[in-house]
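Residues 7 to 167, numbered by this note's numbering, are exactly what the sequence shown covers, in order. For reference, the structure discussed in these notes is given below.
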Amino acid sequence: MRSQQFLNGIHYELQNRAFALSAIVRIANRVQGTQEYIFWSAYEKLERFNTPHYFAYAEKLGLDATPSFLTKAKASMISSTPSFLLDELLKLVYAKTKVYMEDLKQVHALGADADREFLDYMLAQEQVQIELMELAIKKQYREIPPKIEQFIQHYRDKKLV
């Protein structure tokens with residue numbers, strides 16, 4: 007039996023992934039033709055790769071992974087950040103993601119052994135987000151595509167749920 011605290015944490019993470027996908031797709035479209043596009047499109051690729059895994063896990067737990075109205079509204083607002091503020095937005099998101107990673111570790115610790123593959127993946131994808139953001143903040147864009155490709159290749163054929 008999974009605890010309510012665990013289920014609440016997973017539900018929050020499901021909404022967080024839906025938020026990220028929605029916001030990042032819009033930002034990536036807005037920055038096409040710039041160096042920043044390398045980062046935002048890689049982040050979009052990660053979130054698109056995440057989606058079926060997260061939906062499958064939500065289904066296993068009997069949770070609804072559909073983005074809430076609040077999630078959609080938040081994504082719309084954040085993705086409308088003026089272009090000249092996107093670097094600052096990224097720094098803010100990076101700082102918040104590092105803190106959030108600690109929350110996810112607590113959710114991970116509450117999980118069942120039977121869910122370990124997915125829960126390990128949940129932490130790994132959050133860690134790769136942090137690493138991608140670090141590279142983008144340092145403007146090391148050429149290092150981003152191989153990092154995301156390596157991550158996806160590693161998990162492509164793994165059964166997580």
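Cβ atoms here follow ideal geometry from the backbone N, Cα and C, with glycine treated the same way. In this text the structure is predicted, and so the values were computed from the model without any measurement.
Note to self: One question on the structure: do A34 and E50 come within less than 7 Å of each other, judged by their Cβ atoms?
What the structure shows: For the purposes of this step, residue 34 is taken as residue 28 along the sequence shown, with counting starting at 1. For the purposes of this step, residue 50 is taken as residue 44 along the sequence shown, with counting starting at 1. In contact: A34 and E50 (Cβ atoms closer than 7 Å).
Notebook entry, point to check: How should N14 be labelled, buried or exposed, when 16 other C-beta atoms within 10 angstroms of its C-beta is the threshold for buried?
Noted result: Here residue 14 refers to the residue found at position 8 when the sequence shown is read from its first residue. It counts as exposed.
Checklist line | Reduced DSSP secondary structure (H/G/I, E/B, other) of A48 | finding: Start at 1 with the first residue of the sequence shown, and residue 48 comes out as number 42. Helix, per DSSP.
Next item on the list: Output yes or no for whether 7 Å exceeds the beta carbon distance between I150 and I44.
Entry: Taking the sequence shown and counting its residues from 1, the one referred to as residue 150 is at position 144. Taking the sequence shown and counting its residues from 1, the one referred to as residue 44 is at position 38. Against a cut-off of 7 Å, the Cβ pair of I44 and I150 comes out as a contact.
Checklist line | C-alpha gap between H114 and S85, whole angstroms | finding: In the sequence shown, counting from the first residue as 1, residue 114 sits at position 108. In the sequence shown, counting from the first residue as 1, residue 85 sits at position 79. If I take the Cα positions, the gap works out to 29 Å.
Notebook entry, point to check: Is it true that the CB of T77 sits closer than 7 Å to the CB of Q159?
Noted result: In the sequence shown, the residue the question calls residue 159 occupies position 153. In the sequence shown, the residue the question calls residue 77 occupies position 71. Their beta carbons are not under 7 Å apart, which means Q159 does not touch T77 by this criterion.
Next item on the list: Classify L91 as buried or exposed, calling it buried when 16 or more other Cβ atoms lie within 10 Å of its own Cβ.
Entry: Counted from its first residue, the sequence shown places residue 91 at position 85. Under this definition L91 is an exposed residue.
Check: V37 by DSSP, collapsed to three states: which one?
Finding: Position 31 of the sequence shown, counting from 1, holds the residue named residue 37. In this structure, V37 counts as coil in the three-state DSSP scheme.
Check: Are the beta-carbon atoms of I136 and T103 separated by less than 7 Å?
Finding: As a position in the sequence shown, residue 136 is number 130, starting the count at 1. As a position in the sequence shown, residue 103 is number 97, starting the count at 1. Going by beta carbons, I136 and T103 fall inside the 7 Å limit.
Notebook entry, point to check: By Cβ distance, which residues of its chain are closer than 7 Å to Q11, with the 5 residues on each side in sequence left out?
Noted result: By 1-based counting over the sequence shown, the position of residue 11 is 5. Taken in chain order, the residues that qualify are L116.
Notebook entry, point to check: Would the beta-carbon of Y63 fall within 7 Å of that of F124?
Noted result: For the purposes of this step, residue 63 is taken as the residue at position 57 of the sequence shown. For the purposes of this step, residue 124 is taken as the residue at position 118 of the sequence shown. Yes, the Cβ-Cβ distance between Y63 and F124 is below 7 Å.
Notebook entry, point to check: So, using beta-carbon positions, are A71 and S28 closer together than 7 Å?
Noted result: For the purposes of this step, residue 71 is taken as the residue at position 65 of the sequence shown. For the purposes of this step, residue 28 is taken as the residue at position 22 of the sequence shown. Contact flag unset, no.
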